[in-house]
Every structure is written in structure tokens, then in C-alpha cells.
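Read in order, the letters of the sequence shown correspond to residues -28 to -1, 1 to 787 in mature numbering (1 follows the signal peptide of the UniProt record, and there is no 0).
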Amino acid sequence: MKMKTSMDFSLLQLLIMVMSILCLMCSSLEFDPVDNYLIDCGSLENTTIGDRVFLADNLNSTQRVFVNTSLESIPSTYSSSLYKTARILNETFKFTFSIKKQGQHWIRLYFFPFSNDFFNLSSAKFSVSAQNFTLVKNFQPLNATSVKEYSLNITSNSLVLTFTPSATSFAFVNALEVISLPDEVIPVDVGIHNLRTQALETVVRVNMGNIAVLPQNDTSWRSWEPDERYLTSKNLVQFVSNIRAVNYTRGGPSRNIAPPLVYGTATRLQSENDPNTLANVTWSFNVDPGFDYFIRFHFCYIVKGPSGDLIFNVFLNSQYVFKYLDLNNETSNVFGAPFYMDFVTRLDNRHSIGISIGPTDVRNAYPDGLLNGLEIMKISNFKGSFDASDVEIQSSSPGSKPKTWLILGSTIGGSILCIVLVVLSFLFCRSRTRAPVDHSTEDHHTTVGSTTEEKQSIISNSNMGYWFPFRAVQEATDNFSENMVIGFGGFGKVYKGVLRDNTKVAVKRGLPQSQQGLSEFKTEVEMLSQFRHRHLVSLIGYCNEKNEMIIIYEYMENGTLKDHLYGSDLPNLDWRQRLEICIGSAKGLHYLHTGSQKAIIHRDVKSSNILLDENLRAKVSDFGLSKIGPEIDQTHVSTAVKGSFGYLDPEYLTRQQLTEKSDVYSFGVVMFEVLCGRPVIDPSRSKEMVNLVEWVRNCLRTRDTETIIDPTIVREIRSESLIKFVKTAEKCLEEYGVDRPTMGDVLWNLEYALKLQGKDEKTRQENEISDNQLDNSVLSTEFSMGSMVDIAGISMSKVFSNMVKAENKDSCDIC
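Printed below as a string of C-alpha cells:
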């Protein structure tokens, strides 16, 4: 009987052991891809790597040039077996894969340019595309093993990979993978960015704690490299490991997001010996400028801090992505529960991404911080390409020019040189100024040893609009107190806010449950994330947490232009100030029309959307209705009429055809507001004076000019300046867009009106010259559109038109 009991206990132990093994096997195989194509290219035999089998290459064998290498030792993080053979492609070749499950798929291309008696693969040069995306272009693999990994959302029943050799060269590939992904791995969208319509390329995937994670230890066979090589200061960190603590909870991240080896290891700020540590831990990664990047931060509270809490700040390129991150709070106080955050950032002129974690001063928290893993993925651009040659980044340095122009210029002598350089500059600007230009000041970087105040500063002129947690916005606005309201519009209320570092901001909170508001919210954040100009209001951040639609801007101390013209007790503007405000606004609008690949039409130009900073510098705001302009071969954009009554272009109103000239018309109305100091529509006035534009036109016909001028400036405005200003506004208000000037032309004439206003009697005497004489000097630095810091892409057509008019002595009112 005793023997039987002992036997039963042994059987029970064996049963528990078997069940445990089965559970472990099931957990490691929880992801079984529906589509699972593994090809060992150039191989005549199957290749087994762990529990995966790469099939012998028999795909589309009409082009069958296989090569192999006799090298025994091939350094690789995965398996050298995949790099010993390759398929050579001497002409365009297509690999076609049948897709059973539509959705996100990994595409992995393996390369190793070995040499044998017949081929030197390092001389290959080729391009690879998938569907409508260019994966690599004129690609020459490095002399080492590499894997190019992409994520594509496949919505058809097949995937076609096309290899195209460059002229006089060939293509090759050592191995291919096409596998379907778990739905949770790549989000549908991040903030306002829809990732399902774009492709992703893995730039780097790092496991903190300085431990590599091999593909066979990841459910979707991702490779995670150690982080030590990316650290900027290794002496500030400690590598920690507690894999047993990882606790995947229901509703939280699963192993498909990241394996236990990632969440169970971390790099942590070394502060045990100095509780006053104020340093940040920083990693730096090289990237291509001109692209958006998807970034995923992985966290797991696997070690307890000295105070029991683990609260710290997280930075991306010196900007907060999370202020006062409390892992206990984010994981519902479950020790070892994984947590991750997704962000998208845009890089224009930067070649690196800096990631930092550092201490915070909240609740006297102990200086601490850790990061478990990081993924950075490049997002395909509007051309559907990942190649840097398909991105045009214009230098922020005004005087920079390609060397080829300098070489060409040096071969031309004498008087012909100037003319040729003008022509070349014109052609150059036409082809280049459509690329977005960042006119922000130099970016600041959070470095090791920076003070708490420096780490908490918000860089408002950065080229990335970033996400704010809702509680931070509540705190900044005193929980959206009515005492903080500084404006109200169709989108919602605007509040004054003060961040923890005492930075003043303007917070625009959208009306709840407004579908139109959602569209405007997305449009405005997208627009302001792309453009930077001293005469456009800068985006600081946004918040879409808890279904909120909140946009955070730089605070404009002097409010709106409208408030300074009428309807408030703010100080009156003198004529010179009004001219300078018009000039600044025109510069901002001209940049929108010419500063990117396609023109941006504001569609809601009005005095209440022109804001003034502490120096009365004008900045155009409110881009919620903005629209991308027509294609090169089109004259207009057909769209529903939106805007503000009284400012609407009559041609757009009747035909629903939107162009840049629609903004010009609205700006002409603003110019009359500036001159007259009264609302566009004023029902309190007599019938003939209700509509500002009609009233001014009638007065001009009867030469009753003095009646229309704001009484506060009537004595200071000089007649020649007034005439130029009024004629310019009248041209802006022509019935048909083709008869209106461009914003660049309007800008020139406003500068001219300012010149004519002069500063003193001597200046006035100097200004008693004809229009033609002034137009001949348009290239002078004294009378210019502004420096390149002000405006991108000065239209050289203006220069040519003035040169021709000067030669023909054909004067005009609007140049």
C-alpha cells in the first residue's frame, strides 16, 4: 500500500512536469502565422534553423543563377547558414507570394556580399520594391551580413517583391521571409498618424540591459541588439536583470509585443551612491532626415526603487514624451507588468534621434529611471519610399548652395555671370523650394549633467509637435478655469496656460463629440508639425487622451490683430505698426503658398487669425481649414466652401474652386480692416456701410478717401503710402483670381508702402521718386522681402518681371 502511494505521487509529479512543459511550449508558440514563407535563396536543400525551415529555392525557376561560398565562418546574429548561398538576378525579377491573411506582414531580406570564382556580390547595385513601396534604391550591401526588415499592410491576395538591377549591374538576395503579424504589434494609428496606409522599415531594435535577444526567442522572430554601443555615457548606468519578475497581465502587452528577455532586463540610472543625481541616461541613434519615425518605448517595473516608487521623465530629442512617468500608476501597481508607449516624430534637418530618461522633482521622488527596450521604425514618405535620395531637405543656412552651382558659376565671367546666376537661381528655386524648410533656431539637446530646470524646458520652436498627457494640460490651465479663457471660436475655447517650468502657452480645446472638429484638429496638427516660420504660430504639442482634442501653441502676448483694431480697449496701433503687421502676415502666407512641394491654402485668413507677440510681430494662426493646393497640372482644388463670412473669395464661393488667390482675396479684406479700423460686417451701421468692402469701394469711386481711414491714424498716414496700400488691397479684391496678385507680389508692395511712409522729413524727400525708379532697385538689401530666416523660396519670377518692366519702362500699380 505504501509502495502504491509512492508510485501515485511519482506519477503525479511526472504529470505536473509534463503539463508544465506543454504550457511552456504553448506560451512560446502562441503566435502561429497564417502566411509563413521562408526561402533560402540559391539553396538546393532546405535549411533548418531552430524550429523554422527555410525551403530550398524553387520559386519561379525560369531565372536560375545560384551561387554559394566556401566560407565556413560568417559572423551573424541569426544563422550563418542563410548566407552561404544566393540567387543572382541579372534582370528585373518578381517574387510573388499568395496572401491568405490580409493585414500587417514582416518582409525580411537577407544580404551577404560574398565572393567566389564567378561573382563578387559586393559589386551588385539594385533596387527592391513591394507593391507601391520602394524598399531600397540603388542599394549596395555592405561587406557584412545584414537583414532589411519591413512591415507592410497587405490588403490584396498577393504580395509582389520586385528586384531591379541598376544598369550594367545585377541584384542578389541570400534569403527571404514573408510572414503575417499579430494584429497587436503594429497599431492602426498613433495620434494623428495612420500607419496602415504606410510602410515601416526597422531602423533599430534594442534590448536595454545590454543583452541580445536572438530571433528564435521572439514570437515573430525579431532580433534585439544590446544597447551599450548607443549609450552616450556608460558610467552613468547599471544593467539590471529580473526575468522572473515579468508578469504578462490580461489586457496588457503580450509576448507578441516584446518577449520576457526584453521586459526582464533594463538599463537604469546609477544613482544609488548619490541621491542628488541630476543626470540623464541618453542613447543616440543615427537616422535619415526628412522622414517620420515610429518609436516604441518598452518599460517594466522589475526592480524597486529606494523609495518604493519609480517616477522619472522620458525625452525624445530633448523634448518631453512623458513627464513624471509613474510605472506603478501605469501598470495598476502590478509589479513586473509590461508597459509600452508609441510616438511618431518628424525629423527634417537632424541625422540622429536622442532618447533620454532622467530624474524628476515631483513629490521629492528619488532620482531614478529605467528603460527596457526601444524600437525605431522609419515611415515611408509621400512617394512611398524609404530611400534618402527621394527626400529633399533644404538647408536652414541661407547661403548654402550645391557645389555644382559654384563650379558652374566659376566658369562664367564678366557681366554675363550675374545674369546667368539669376537664371540658375530661378530654376533652382523652382525645383527645390517645394521642400519644407525648417526656419527654427538650433535644436537644444538634453545632455548628461543638465539641471532639472533645463530638462523641464519645453522647446517651443522645435520641429516636432509632441504629445501631452491630459493631466498636464489640466494643471497648466487650472483645470480649464473660466478665468483662463482668452478666446473662443468654432473649434472651441482657447485658454492661457502655464507649464511647470513657467512657460506660457495657449491651449485650444475642441468641443466634445464634434466630427468636424476632429477633422480640423488633425489638419492643424499635421500642418503645424511640418512647417516652421517666424510668421506662423508655433505648435508646442497636442493631447488626444480621453477623446480630447487639444492643441497647445506658443502664447502670443498681444492677442489678435482684430482686438487692436476695434471692439476692445487695447491700445491703438499707429500706421507704421499696421504696415509691419501686414508685411509679417504676408510673409507667413507667402511661405505657405511656396514653401513646400505643394502649396498650402490657409482658407480662413482674417484679422482674428493674425496674432501678435510681445513685440507686435504678426503670426498667422488657425490652420484647421487649411487645404493642400492643386497638382502642377491643375488650376484649382474643388472643395466645399468653408471660411468666414465677409472674407470669402466670391469666385470660390460661387464655383467652389479653391486656389492660393482665395487667400489673397481674404488678405485684401484684412487690409481694408487695418486701414478703416472697423469690422468686415457691421449690422449696427447704415445699409450702405454694413459691408466693409462695398463701402470702401463706393467711397473710393467718389474720391471720399478720408472718410474710410481710421480716425486714430488719419493725421499720420502719408498720401503716397496710402495710395500704394489702397491700390494693392483693391487688386487683391478683384472678382477673378487670375486678376489678383500673388502673395509675393502683395508683400513687395507692402514693403514699398512702408518705404514710402518713411521715418522723417529727410526720408520723405528721398522717397519722392517714381514707381519705376523704385522698382529698378528691387534687388537692394534695404528694400527686400526679408532674410531667409523669414521666408522660404523667394519667387525669382518677381525679379524677372521687374527687370523686364524696368527695361520697357512700363510702370504698373501692382508689380
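Backbone N, C-alpha and C define an ideal beta-carbon position, used for all residues, glycine too.
No experiment lies behind these values; they were computed from the predicted model shown.
- Each residue's CA atom was taken as its position, placing Tyr235 and Ile600 some 43 Å apart.
- One thing to note: Phe144 has its Cβ within 9 Å of the Cβ of Arg59.
- Here the alpha carbons of Arg712 and Glu706 stand approximately 6 Å from one another.
- By alpha-carbon distance to Ile126, the top candidate from Phe69, His165, Pro85 is Phe69.
- The C-alpha of Ile71 lies about 5 Å from the C-alpha of Ser130.
- By the beta-carbon neighbour count (other beta carbons within 10 angstroms, threshold 16), Asn146 is buried.
- Within the region 244 to 313, the complete alpha helix (DSSP H) segments of 4 residues or longer fall at 299 to 302, listed in chain order.
- Per DSSP, Pro137 lies in no alpha helix (DSSP H); the unbroken beta strand (DSSP E) holding it starts and ends at 130 to 137.
- Under DSSP, Asp161 forms a beta bridge with Asn166.
- The shortest C-alpha to C-alpha distance from Leu500 to any of Gly556, Asp340, Tyr563 is the one to Tyr563.
- In the three-state reduction of the DSSP assignment, Gly22 falls in the coil class, being assigned neither a helical nor a strand state.
- The C-alpha of Asn104 lies about 7 Å from the C-alpha of Gly356.
- Contact check between the region 499 to 515 and the region 586 to 597: three or more CB pairs, one atom from each, fall below 8 Å, which counts as touching.
- Cβ neighbours of Thr204 within its own chain (closer than 6 Å, five residues either side excluded): Thr254, Ser256.
- Separation of Ser352 and Asn670 (C-alpha to C-alpha, rounded to the nearest whole angstrom) is 55 Å.
- Residues Phe311 of the same chain have their beta carbon placed closer than 7 Å to that of Glu302, with the five preceding and five following residues left out of the count.
- For Arg481, there is no enclosing alpha helix (DSSP H); the residue is found in the beta strand (DSSP E) stretching over 476 to 482.
- Shown here for Arg650: same chain residues with a beta carbon closer than 6 Å to its own, the five before and five after excluded, namely Tyr538 in chain order.
- For Val652, the CB contacts under 7 Å within the same chain, skipping 5 residues up- and downstream, are Gly618, Tyr619, Val641, Glu645, Leu664 in chain order.
- Take Val175, set aside five residues on each side of it, and the residues of its chain with a beta-carbon closer than 8 Å to its own are Phe257, Val259, Tyr265, Ile348, Met349, Lys350, in chain order.
- Around the beta carbon of Ser491, fewer than 16 other beta carbons sit within 10 angstroms, so the residue counts as exposed.
- Here Asp717 is buried: its Cβ has 16 or more other Cβ atoms, across all protein chains shown, within 10 Å.
- In this structure, Gln188 places its C-beta atom within 9 Å of the C-beta atom of Ile21.
- Considered as a whole, the region 37 to 78 harbours 37 to 40, 57 to 61, 65 to 70 as its complete beta strand (DSSP E) runs of no fewer than 3 residues, in chain order.
- Under DSSP, the beta-bridge partners assigned to Lys468 are Ala478.
- Listed in chain order, the non-local C-beta contacts of Ile689 below 6 Å within the same chain comprise Trp547, local neighbours out to five positions each way being set aside.
- For Asn721, the enclosing alpha helix (DSSP H) starts and ends at 715 to 729.
- The continuous alpha helix (DSSP H) containing Cys554 extends over residues 547 to 566.
- Looking at Arg657, Val306, Met643, Ser656, the one whose alpha-carbon comes closest to that of Ile695 is Met643.
- With fewer than 16 neighbouring CB atoms inside 10 Å of its own CB, Gln628 falls in the exposed class.
- Using a Cβ-Cβ distance cut-off of 8 Å, the region 213 to 224 and the region 154 to 174 are not in contact, since fewer than three pairs of beta carbons, one from each stretch, lie closer than that value.
- Here Leu583 is near Leu533, since their CB atoms are less than 9 Å apart.
- A direct Cα-to-Cα measurement between Ile11 and Gly224 gives close to 34 Å.
- About 7 Å separates the beta carbon of Ser192 from that of Ile151, a gap short enough to meet the 8 Å contact definition.
- Distance from the CA of Ser579 to the CA of Asn530, rounded to the nearest whole angstrom, comes to 13 Å.
- The C-beta separation of Ile523 from Lys480 comes to about 5 Å, placing the pair in contact by the 8 Å criterion.
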